[in-house]
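As structure tokens, the structure follows; a few thoughts come after it.
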Amino acid sequence: MSVWESEDGYPQPLKLGVGGIVRIILRGLPLAVLVFGCLMLLLILRLVEKPIFGLRRPWTPYITQFVCRTAFRLMGVRFVVQGTPIRDRGAVVANHSSWLDIFSLNAAQQVYFVSKAEVAKWPGIGWLAKATGTVFIRRDRREALAQKKIFEDRLLAGHQLLFFPEGTSSDSLRVLPFKTTLFEAFFDPRLKDYMLIQPVTVHYQAPKGAEARFYGWWGDMEFGPHLLTTLAAPRQGRVEVVYHPPLKVAEFTNRKVLAKSAEDQIRASLKARLD
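In structure tokens form, the structure reads like this:
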């Protein structure tokens with residue numbers, strides 16, 4: 008799978024002084040206790056939830072949402088929501104800028120992420136993704152039908168799935184062209200007539216004095232150093248999650264037209280906030 012690279016290279020690494028190290032400890036330790044403590048609680052609760060409800064998860068998503076909302080408070084990042092998340096059966100598509108997107112989008116709405124298969128093997132993030140019901144897929148044309156079937160089964164189970172049609176993350180200052188393959192699942196005859204797709208824009212505002220790409224995480228950037236840089240910042244910025252009016256799948260002729268409509272809304276919204 009290809010990754011996006013910036014023509015401007017990567018941001019300069021943050022030089023950690025004593026103050027930065029202190030901030031990492033003061034923010035990082037409570038964050039670790041929150042994430043891994045609630046992960047254990049979620050796994051225990053899942054032992055009861057899974058045999059009773061199967062694919063459905065009526066309890067554990069509340070734990071995930073609590074963790075993500077509280078994480079922003081512990082990091083000092085202001086979290087803002089505009090618009091109203093869909094409550095009906097449907098899916099969410101958003102631009103992809105950072106590992107922080109996981110917290111941003113889970114904090115506002117109970118959703119199940121669709122992620123590339125490699126994420127399942129990442130330390131920390133992979134464990135969390137598997138525990139919270141993430142759907143792992145391989146972006147391989149040879150497996151397209153099998154992936155579509157997994158997608159449809161989760162949608163039919165009532166899950167609101169969220170995926171990033173760009174297929175990779177960027178520097179938070181742009182929206183990359185949408186890939187349309189996964190949109191095909193929404194046109195299944197069992198889903199098409201009532202499926203809603205909600206475009207969502209995630210906008211990161213860097214801390215005052217920091218580079219605009221501060222929260223962006225892309226290409227070959229490593230997770231650990233980026234996490235430490237985020238925690239060490241003297242001041243934090245904010246993240247705004249904007250929910251746009253949902254699109255009715257039945258009103259679109261094919262996946263490409265549907266994907267283009269969602270992409271246009273997200274691109275225009277991000278541009279308006281960056282200008």
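Read in order, the letters of the sequence shown correspond to residues 8 to 282 in our numbering. A virtual CB, placed ideally from N, CA and C, is assigned to each residue, including glycine.
Straight-line gap, residue i to residue j (C-alpha atoms, nearest Å)
{"i": "GLY140", "j": "GLN19", "result": "35 Å"}
{"i": "THR187", "j": "ARG76", "result": "31 Å"}
{"i": "PHE110", "j": "VAL246", "result": "10 Å"}
{"i": "THR91", "j": "PHE170", "result": "18 Å"}
{"i": "LYS263", "j": "VAL256", "result": "11 Å"}
{"i": "LEU50", "j": "PRO65", "result": "14 Å"}
{"i": "PHE86", "j": "PHE79", "result": "7 Å"}
{"i": "LYS22", "j": "LEU234", "result": "14 Å"}
{"i": "ASP282", "j": "MET47", "result": "43 Å"}
{"i": "ILE144", "j": "VAL88", "result": "29 Å"}
{"i": "GLU191", "j": "LYS267", "result": "13 Å"}
{"i": "ILE59", "j": "THR67", "result": "13 Å"}
{"i": "GLN167", "j": "GLU125", "result": "22 Å"}
{"i": "ALA240", "j": "ARG94", "result": "36 Å"}
{"i": "ALA114", "j": "ALA138", "result": "16 Å"}
Three-state secondary structure assigned by DSSP to residue i
{"i": "GLY44", "result": "helix"}
{"i": "TYR211", "result": "strand"}
{"i": "ILE93", "result": "coil"}
{"i": "LYS57", "result": "helix"}
{"i": "GLN154", "result": "helix"}
{"i": "LYS123", "result": "strand"}
{"i": "ARG242", "result": "coil"}
Cβ distance (whole Å) where residue i is taken to contact residue j below 8 Å
{"i": "VAL248", "j": "LEU112", "result": "7 Å"}
{"i": "ARG30", "j": "LEU189", "result": "Wrong, their Cβ atoms sit about 39 Å apart, outside the cutoff."}
{"i": "SER177", "j": "SER104", "result": "6 Å"}
{"i": "ALA164", "j": "LEU62", "result": "4 Å"}
{"i": "PHE221", "j": "TRP106", "result": "Actually they do not touch by this definition, with Cβ atoms about 13 Å apart."}
{"i": "THR175", "j": "TRP11", "result": "5 Å"}
{"i": "LEU183", "j": "GLU173", "result": "4 Å"}
Selection from the options that minimises the alpha carbon distance to residue i
{"i": "GLN243", "options": "LEU81, THR260, LEU277 and GLY165", "result": "LEU81"}
{"i": "TYR211", "options": "ALA136, GLU270, SER179 and LYS123", "result": "SER179"}
{"i": "ASN261", "options": "SER9, GLN72 and LYS199", "result": "LYS199"}
{"i": "ASP15", "options": "ILE132, LEU254 and GLY223", "result": "GLY223"}
{"i": "SER13", "options": "TYR69, GLY24 and ASP227", "result": "ASP227"}
{"i": "GLN72", "options": "ILE93, CYS45 and GLY83", "result": "CYS45"}
{"i": "PHE4", "options": "PHE185, TRP134 and VAL10", "result": "The chain is shown only over 8 to 282; residue 4 falls outside these bounds and no answer can be derived."}
{"i": "PRO252", "options": "LEU265, GLN272, GLU173 and LYS128", "result": "GLN272"}
{"i": "ALA279", "options": "ARG181, LEU265, LEU254 and PHE185", "result": "ARG181"}
Just checking, does the stretch 85-100 make contact with the stretch 199-207 on the three C-beta pairs under 8 Å criterion?
Result yes; three or more Cβ-Cβ pairs closer than 8 Å.
Check whether the stretch 45-63 and the stretch 213-226 are in contact - that is, three or more C-beta pairs closer than 8 Å.
Contact fails: fewer than three Cβ-Cβ distances are below 8 Å.
Pairing CB atoms from the stretch 149-163 with CB atoms from the stretch 184-200, are three or more of them under 8 Å?
Because the criterion of three Cβ pairs below 8 Å is met, the stretch 149-163 and the stretch 184-200 touch.
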